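Residue numbers (the UniProt record's numbering), protein chains in the order written: chain A, 1 to 438; chain B, 1 to 438.
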């Protein structure tokens with residue numbers, strides 16, 4: 001058996017990944033993790049804000065005193081105890097018994113990523129269409145690509161997904177003879193855009209999907225990380241049916257345990273459990289017990305406040321640095337929560353082409369093209385503010401601004417060809433009105 | 001969105017699962033876990049044989065002292081440290097640098113189950129054929145079913161997979177105009193049959209696969225749990241190419257952490273990593289650190305000996321009880337390691353139909369039909385000896401023998417219809433020579 005034959009079998013994975021090859025993405029993150037580089041590229045929570053000694057004590061006890069169950073096999077749906085605690089967590093956001101939420105319909109997963117993958121496995125066949133915000137979570141694009149589905153992006157503005165654009169995307173999909181299987185949306189503190197779907201638009205989006213018979217997959221990893229008061233209630237709290245609600249403890253506790261969940265419509269709960277068993281047999285009983293213990297014995301609501309405070313300070317540092325330092329013509333979003341700012345570069349700049357120069361200047365970010373399935377996002381970048389402390393954020397933005405100033409100066413001298421390659425190659429104009437997010 | 005539409009989307013999961021519905025399997029395990037029932041149904045290691053206090057101390061320290069990395073996101077391939085330790089573990093079985101094994105080609109997974117699922121995702125398209133021992137691991141059948149692949153079983157005898165039968169299955173698949181994508185095999189202490197592919201057959205099986213251009217997926221969860229000396233070396237130790245080697249820490253350390261791995265041919269390593277990232281982003285860094293610490297700081301080779309001793313005693317107890325108590329006409333395998341005995345019931349008995357009577361007599365097992373994709377195994381059952389202590393094993397076999405005696409007596413009185421339904425329904429004769437495993 002030769003490598004060629006293996007390649008032949010697995011060609012679907014050999015495609016270029018979302019405008020960057022997998023090795024480019026890996027290389028970016030490898031370089032970004034060097035200590036001399038200010039990384040605005042990641043999406044990591046600031047774990048050091050946790051009381052690690054106390055967490056360690058709880059985790060040690062789970063093995064020492066309850067190892068015969070926590071270190072043993074478990075069931076595919078996840079433990080009853082954790083599913084009950086998850087319902088308490090969701091109730092904080094307004095998803096409670098009054099809208100039919102129940103531990104019976106919760107399926108515990110290996111982080112939010114597997115939640116999404118299970119839904120894709122259940123619903124997507126090759127060639128199916130998924131509607132998703134543009135830009136959207138890069139890991140979701142990976143799932144949809146692995147399922148050989150097509151992604152149609154729906155543009156956003158500062159109030160999130162644009163309802164008229166959603167209607168248009170549904171109609172266009174239907175005209176092409178296909179059917180969209182679901183809308184994938186991160187309505188609150190969106191990754192990567194940092195925007196939030198407004199109260200008024202939430203009902204409109206749900207109505208549009210209901211009329212079109214379109215399922216909604218609501219991904220909500222950041223909803224409890226708001227800095228400026230409470231966000232609008234989740235879509236799932238407004239509808240009993242037709243909405244899959246996905247979340248994770250990766251941002252509110254710790255990603256290293258890999259615990260997420262799906263609140264599923266009752267009719268498909270069993271199928272998700274079977275798919276979960278086929279994929280991983282069961283989510284780690286030890287990790288589930290760890291999250292359960294954290295939610296039962298530790299002041300997790302207080303910890304949420306700590307995370308919010310830390311991230312608010314860092315967001316403020318980033319917004320101030322952007323205002324003070326960015327070259328004219330740069331715009332960015334103002335996130336009310338979450339981990340990210342989405343920036344729009346001055347005319348002619350190409351965020352991906354600029355990466356090597358940024359790395360040389362010891363700053364890293366993710367180019368916007370990674371968050372689109374269609375080659376858009378050339379003029380965009382995602383900037384993370386949850387992990388680096390405020391002074392490093394300012395230093396990172398300063399380095400980035402310097403690189404951009406240099407690019408702009410080079411463009412003036414050498415003309416439009418600098419960094420202009422990918423625009424021509426993808427056929428996408430970064431000024432395209434479809435990219436309405438300023 | 002109604003339940004009907006959801007059902008419509010997900011019909012492929014609504015099929016009866018391998019001769020038992022998912023709810024039947026769940027109900028069986030729920031009942032089997034009642035304290036008054038002797039469960040010979042599970043596949044759980046005896047976790048209480050671990051030094052849980054010491055394990056707890058190690059796990060606690062990992063969070064308290066290294067939480068900033070162990071509780072954070074990791075990389076899709078798994079940590080370098082764990083991949084190096086995994087190579088040390090494989091070297092014990094003869095898979096080392098001399099046959100090209102390297103940490104670079106190890107991909108860490110969420111248990112052995114996800115290892116298998118990733119391979120299926122990479123290689124299988126709907127309608128593809130997979131060759132697998134008959135009977136085979138029930139979780140593998142779940143993976144292949146989820147991938148909409150067809151399983152062709154290759155019969156075994158006391159020396160494992162029968163090479164001539166493998167050649168015949170390959171030829172028959174080709175005659176049907178299909179191509180088998182890979183051979184899935186558990187050559188050592190097979191689950192559920194308990195048999196081991198002999199030394200001499202290992203080379204023949206590899207030669208046959210090589211000639212046919214057939215990949216080999218070698219699943220080896222039990223290879224280090226031999227009771228009667230060392231088993232023949234793994235297939236992967238004999239060939240650099242064409243063999244995917246899968247294993248897990250579930251049986252040699254603890255399943256609750258969900259850590260397994262693939263040693264992949266170098267040419268597809270990257271694709272497995274991308275598939276892993278799409279599915280779970282990364283295997284739990286905390287669980288990986290836990291296994292790394294276990295392999296670095298604790299006497300794990302000594303612990304392997306402890307497990308072997310415990311399981312050998314329990315296997316002996318089971319074989320003795322079967323010899324002493326089983327009705328005439330019952331036969332069973334003699335496992336040299338692992339967790340299971342495979343039994344063949346006296347003529348006319350139906351293992352699945354007998355389950356409710358067995359549960360009423362407070363003993364549980366898994367009927368053989370669950371381990372075949374084609375309805376075979378009606379007259380078989382899998383008996384686990386790793387979890388219950390020796391006296392419970394004997395009591396369980398005593399109860400089971402009582403139920404079987406009763407069934408045999410009823411058949412004498414009422415004729416062949418008792419429990420005979422499923423045989424007619426599946427069209428499979430349990431005496432079929434294809435089921436050559438006595």
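The beta-carbon is built from N, C-alpha and C at its ideal position, and this holds for glycine as well. These numbers come from a predicted model, not from an experiment.
In the structure shown, residue 382(B) falls within a strand segment according to DSSP collapsed to helix, strand and coil.
Among the residues of chain A, those whose CB is under 7 Å from the CB of residue 258(B) are 280 and 284, following chain order. Scanning chain B for C-beta atoms nearer than 7 Å to the C-beta of residue 139(A) yields 281, reported in chain order. Annotation: residue 162(A) to residue 380(B) spans about 60 Å, alpha carbon to alpha carbon.
In summary, residue 297(A) is exposed, with fewer than 16 beta-carbon neighbours lying within 10 Å of its beta-carbon over all protein chains present. For residue 285(A), the closest of 59(A), 35(A), 45(A) and 39(A) by C-alpha to C-alpha distance is 59(A).
Of 80(A), 300(A), 101(A) and 143(A), the smallest CA-CA separation from residue 280(B) is found for 143(A). A check of alpha carbon separations from residue 160(B) across 176(B), 187(B), 178(B) and 169(B) identifies 187(B) as the nearest. Residues 379, 404, 407, 408, 411 and 419 of the same chain have their beta carbon placed closer than 8 Å to that of residue 349(B), with the five preceding and five following residues left out of the count. Burial state of residue 413(B) is exposed, judged by a 10 Å Cβ sphere holding fewer than 16 other Cβ atoms. Counting every other CB atom within 10 Å of its CB across the protein chains shown gives residue 126(B) a total below 16, marking it as exposed.
Bridge pairing for residue 183(B): 131(B) and 216(B) [DSSP]. Within the segment 260-297 of chain B, the complete alpha helix (DSSP H) segments of 4 residues or longer fall at 266-280 and 285-297, listed in chain order. The beta carbon of residue 390(A) lies closer than 7 Å to those of 313, 314 and 317 in the same chain, with the five residues before and after it left out. Neighbours of residue 117(A) in chain B, taken as residues whose beta carbon is under 9 Å from its own, are 278, 279 and 280 in chain order. Short of 7 Å from the beta carbon of residue 402(A), and not among the five residues preceding or following it, lie these beta carbons of its own chain, in chain order: 361. Residue 72(A) sits away from residue 103(A), with the two beta carbons spaced by 8 Å or more. Along the segment 317-360 of chain A, the alpha helix (DSSP H) occurs as fully enclosed runs of 4 or more residues at 351-360, listed in sequence order. Taking C-beta separations shorter than 7 Å and ignoring five residues to either side along the sequence, the partners of residue 101(B) in its chain run 87, 90, 95 and 263, following chain order.
If only uninterrupted beta strand (DSSP E) runs of at least 3 residues are considered, those enclosed by the segment 89-138 of chain B are 106-109 and 129-134.
When only Cα atoms are considered, residue 37(B) and residue 358(B) end up about 10 Å apart. Between the beta-carbon of residue 261(A) and that of residue 115(A) there is about 7 Å, and that keeps the pair under the 8 Å contact cut. By the beta-carbon neighbour count (other beta carbons within 10 angstroms, threshold 16), residue 175(A) is exposed. Excluding residues up to 5 positions away in sequence, 129 lie with their Cβ nearer than 6 Å to the Cβ of residue 150(B) in the same chain. When C-alpha distances from residue 117(A) are compared across 193(A), 33(A) and 246(A), the shortest belongs to 246(A). Listed in chain order, the non-local C-beta contacts of residue 212(B) below 7 Å within the same chain comprise 170, local neighbours out to five positions each way being set aside. Between residue 227(A) and residue 311(A), the alpha-carbon positions lie close to 8 Å from each other.
Counted as a single uninterrupted DSSP element, the beta strand (DSSP E) harbouring residue 244(A) occupies residues 243-248. Taking 8 Å as the cut-off, the Cβ atoms of residue 63(A) and residue 70(A) count as close. When only Cα atoms are considered, residue 386(B) and residue 364(B) end up about 14 Å apart. Per DSSP, the beta-bridge partners of residue 151(A) are 130(A).
Scanning chain B for C-beta atoms nearer than 9 Å to the C-beta of residue 48(A) yields 67 and 68, reported in chain order.
Here the C-alpha atom of residue 82(B) lies approximately 45 Å from the C-alpha atom of residue 346(A).
Cα atoms of residue 220(B) and residue 248(B): separation of roughly 8 Å, rounded to the nearest angstrom. In this chain, residue 76(A) is not harboured by any alpha helix (DSSP H), its DSSP state being neither H nor E.
In this structure, residue 382(B) sits near residue 192(B), with a CB-CB distance shorter than 8 Å.
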